[in-house]
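Below you'll find the structure, written out as structure tokens, and then a few comments.
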Amino acid sequence: MLAPEVPMSHSVAGEPPVRGRHAVPPTVAPYSAAEWDLLSSLPSWTVAVTATHAPVRGVAAGLAGLDAVAAGRSFDSDLVRAVVATIYARHDGSASAPRGWLARDAELLAGDAELLAVARAAARLLERRADPADSAAYRQWVQSVAARVCRAGPSRGGPVARSDRRFLDRLGDALGLG
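Throughout, the numbering used here is defined as the position within the sequence shown, counted from one, plus 16.
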């Protein structure tokens, strides 16, 4: 059963939400607390799980993931910008990335199968509830987050490894991009 609807306590301008509430801007269709948590957690879960594909990436993968998530701030999608604002406000309401957010989210998912299941759930939710343009922007953004993490590491910007390409293809399919 889904949680009750979340009061809209956050503006797109970036004010921190009232403590104890999830940030849902008034320009986005109201999502339940569980739905909003799903949408606002998937990008950081994507970074955490994707970074585990090649431990040699280390810090570079985390930084690439942070950068990719932050890039959502400039997307032409109210939904993506609201999700980014929620990610950054989740722990302390500041405009900087919460300390330890990757580690916390990595513990929530054990691996690829769980991430792909969450991505499929998010895609189904967006199909039912989101504006088609916001849905497409969100799903493409999550895919781009994973792709940037895959390109991180010693050969930065080099070709994506075959195993990473397969993972990105499976993620794209789960997100309904295939």
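Beta carbons are placed, not taken as given, at the ideal position from N, Cα and C, and that holds for glycine. All values derive from a computational prediction rather than experimental measurement.
Boundaries of the alpha helix (DSSP H) harbouring L82: 74-87, taken from the DSSP string.
With respect to the 8 Å criterion, V96 and V165 are not classified as neighbours on the basis of their beta carbons.
For A137, the uninterrupted alpha helix (DSSP H) segment begins and ends at 128-145.
Under the criterion of beta carbons closer than 8 Å, G88 and V100 qualify as touching, at roughly 4 Å. Less than 8 Å separates the beta-carbon of L58 from that of A135. The three-state reading of DSSP puts S48 in strand, counting E and B together. Here A84 really is in contact with S160; their C-beta atoms are around 6 Å apart, less than 8 Å.
Here E143 is exposed. Its C-beta has fewer than 16 other C-beta atoms within 10 Å. Nearest to D92 by C-alpha distance, out of D189, A49, A162, P148, is P148. Across the structure, R140 and A190 are spaced so that their CA atoms are roughly 10 Å apart. Counting the other CB atoms within 10 Å of its CB gives A162 a total of 16 or more, which places it among the buried residues. Boundaries of the alpha helix (DSSP H) around F183: 178-190. With contacts defined by Cβ atoms closer than 8 Å, R155 and G194 do not form a contacting pair.
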